[in-house]
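A short write-up of the structure that comes next.
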Amino acid sequence: MSGLKFQRKAITVQEAQQAVLGWVRHQEAEEVPLAECFGRRLAVPVSAEQPVPHFRRSGVDGYAICALDSASVSPDQTVTLEVVEHIYSGDVPKRCVQPGQAARIMTGAVVPEGADSVIMLEMTESWEQQVRIRKKMTAGDNITPIGQEVTSGELLLHEGQWIGAGETAILAAFGYSSVPVYRKPRVAIFSTGSELLDVNKPLEPGKIRNSNSYMLACQVQEAGGEAIIMPIMPDDPGSLERELLTAFEEVDLVLTTGGVSVGDKDVLVDVFEQWEGRLLFNKVAMRPGSPTSVGVWRDKLLFALSGNPGACFVGFELFVRPYMRALMRSSQVMHQEVQAYLMSDYSKGSAFPRYVRGTLVMKNGMIGAEPAGKDKSSIMVSIKDADCLIHIPAGGRGAAAGEIVTVMLLRKN
Ligand code: AMP
Ligand code: MG
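The numbering used here puts the first residue of the sequence shown at 1, with every later residue one more than the last.
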């Protein structure tokens, strides 16, 4: 009888997360063309090399003038100025605007020396080289000063920051045609179980198609990793161990699903018993997925997730995603949590805290959390609806509708 199967000491989710995070080795950096950086994490901080804007910029189409020239403008008095230049976007003004003068200017163009305001075109009338001003201006009107948006040297993006649309705009504006990002963690995914069929196979009695490998591959990619789906492994510890150890030579971490509980053919349990790697834990005080186990081969982690699809999904979210974030120096490794009203009774008690798949909704200006109706760990079809995990504390009674619960947001990045 296997020792590891039955003598398991449950640790808390937080202890398990800390144990995993103790094995973080940061990914090395690589340069990637800017247009391919979406979803990557920065390997350097980015500071402003120059201010934005880096010249005094006109905010409107109109005339650059000296505000004092408009001091006498009133409903029954206008002022006429001499137009000395036309400045288009991208031009550099050639002349300094003197009192009594104006320069025609376009939005985004450089405001000429001497001018301290830009009057909107709609407030003027022009003919030949003259322009009539119909509004009293104040110095600074419609001019964006140097550095208003960003001052020189300002820290704009931190190391480990996830690159989305706004981050990409900053990188482009500061001339990063290629960007130092962390190399994507390579993640091998093994499904174990002699009942599993490849997705292209017709169903047979007693067999099911492998869905976990493909689900995990999506989670890995969302988390910024490269997913490598390995062949399905039968319930044979010897060949599984060989395949795992070979995979470790090529990848940064390995995920398995299935074979972690106390069945006769729970191969991961046997692998952990016989291999030369170490075991960090093999039981976590949580539902679903209490047999979730993590081992270390050399300095790389093996996440042995449950075979039950719901538990496999939750196990990835609780342990693998934070670890992958940490590999790429995310500053927010853990999921964010919010307090929400439980929208319906969850009356299943449990000796362990539960992480119930659910959906967040706004109701009467408050956040509600609706548990997925079908949330057993074996159930796969409700995973697609989960945008959060509702934390139901351990205890005999579960939680009642209207109670405040802590909810973990399933943020992708
Ligand atoms: P196990 O932990 O290996 O006993 O698996 C628990 C349950 O999950 C069993 O009903 C398995 O058939 C199912 N299962 C295991 N691996 C997968 C997989 N890759 N895809 C879908 N279901 C799976
Ligand atoms: Mg199995």
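Glycine included, every Cβ here is placed at the ideal spot set by N, Cα and C.
Using CA atoms only, rank isn't needed, just tell me which of the options is closest to residue i.
i	options	result
serine 363	Ser178, Gly108, Met343, Trp23	Per the sequence shown, residue 363 should be read as lysine rather than serine. Measuring from the Cα of lysine 363, the nearest candidate turns out to be Met343.
glutamate 154	Gly193, Glu49, Gln18	Glu49
arginine 325	Pro202, Leu156, Trp23	Trp23
leucine 197	Met233, Arg287, Pro353, Leu302	Met233
aspartate 76	Val84, Asp69, Lys135	Lys135
glycine 160	Thr168, Tyr182, Asn200, Phe313	Tyr182
isoleucine 390	Pro371, Asn210, Pro45, Ile163	Pro371
histidine 86	Val46, Gly395, Ile105, Val60	Ile105
isoleucine 383	Asn413, Met334, Thr168, Glu317	Glu317
serine 47	Phe174, Glu36, Asp235, Lys9	Phe174
lysine 9	Phe281, Asp141, Val271	Phe281
valine 83	Ser72, Thr359, Gly147, Ser126	Ser126
glycine 238	Ile11, Gln274, Cys218, Lys207	Gln274
glutamate 243	Trp297, Leu216, Ala43	Trp297
glycine 140	Val60, Asn210, Gly277	Val60
isoleucine 392	Asp345, Lys412, Met215	Asp345
aspartate 236	Leu216, Glu36, Gly193, Val254	Gly193
arginine 25	Leu253, Leu279, Lys412, Met215	Leu253
proline 180	Ala43, Glu249, Glu276	Ala43
serine 178	Asp387, Glu36, Glu149	Glu36
Could you check if residue i is buried or exposed, using at least 16 other CB atoms within 10 Å of its CB as the buried criterion?
i	result
glutamine 101	buried
lysine 94	exposed
phenylalanine 38	exposed
methionine 1	Here the model assigns methionine 1 a pLDDT of 44, short of 50, so the residue's position is not dependable and the matter cannot be decided.
aspartate 299	exposed
aspartate 385	exposed
leucine 410	buried
methionine 366	exposed
tyrosine 176	buried
valine 92	exposed
glycine 295	buried
tryptophan 162	buried
glutamate 419	The chain is shown only over 1 to 413; residue 419 falls outside these bounds and no answer can be derived.
glutamine 18	exposed
arginine 287	buried
proline 231	exposed
glycine 164	exposed
serine 377	buried
glutamate 167	buried
leucine 203	exposed
valine 199	exposed
cysteine 218	exposed
proline 205	exposed
Would you mind giving the Cβ-Cβ distance between residue i and residue j, rounded to the nearest angstrom? I have them listed as a contact below 8 Å.
i	j	result
glycine 108	serine 58	7 Å
tyrosine 63	alanine 29	Contact flag wrong, Cβ pair sits at about 50 Å.
threonine 256	leucine 302	7 Å
isoleucine 379	glycine 310	5 Å
methionine 328	glutamine 27	6 Å
Between residue i and the rest of its own chain, which residues show a CB-CB distance below 7 Å, the 5 nearest in sequence each way excluded?
i	result
proline 145	Arg56
valine 338	Ile367, Val407, Leu409
cysteine 66	Val97, Pro99, Gly114, Ala115, Asp116
isoleucine 228	Arg186, Val187, Ala188, Ile189, Val251
methionine 137	Ile65, Ala67, Ser70, Ser117, Ile119
histidine 158	Pro45, Ser331
Sorted by chain position, which residues of the same chain lie with C-beta nearer than 6 Å to residue i's C-beta, five sequence neighbours on each side aside?
i	result
tyrosine 323	Val20
arginine 321	Ala223
serine 213	Ile189, Ser191, Ile229
valine 220	Val187, Ala227
asparagine 308	Ser377, Ser378
Just checking: is the beta-carbon of residue i within a distance shorter than 8 Å of some beta-carbon in chain B?
i	result
valine 271	Among the chains in the structure shown there is no chain B, since it carries only a single protein chain.
Under 8 Å between the Cβ atoms of residue i and residue j?
i	j	result
valine 356	aspartate 375	yes
valine 32	valine 284	no
serine 306	valine 381	no
valine 267	leucine 245	no
arginine 41	serine 330	yes
alanine 394	proline 353	yes
valine 79	isoleucine 133	yes
threonine 151	proline 51	yes
phenylalanine 272	serine 293	yes
leucine 156	leucine 34	no
valine 405	alanine 351	no
lysine 184	glycine 225	yes
phenylalanine 248	alanine 16	no
In its own chain, which residues sit with a C-beta less than 8 Å from the C-beta of residue i, not counting the 5 before and 5 after it?
i	result
arginine 397	Ser347, Gly349
glycine 402	Tyr341, Leu342
serine 74	Lys136
glycine 208	Reading off the sequence, residue 208 comes out as isoleucine, not glycine. Closer than 8 Å at the Cβ level, and outside the excluded window around isoleucine 208, lie Glu195, Leu196, Leu197.
threonine 124	Gly62, Tyr63, Val131, Arg132, Ile133, Arg134
valine 110	Phe55, Arg56, Arg57, Ser58, Ile87, Asp91, Val92, Pro93
isoleucine 11	Ala19, Phe281, Lys283, Val284, Ala285
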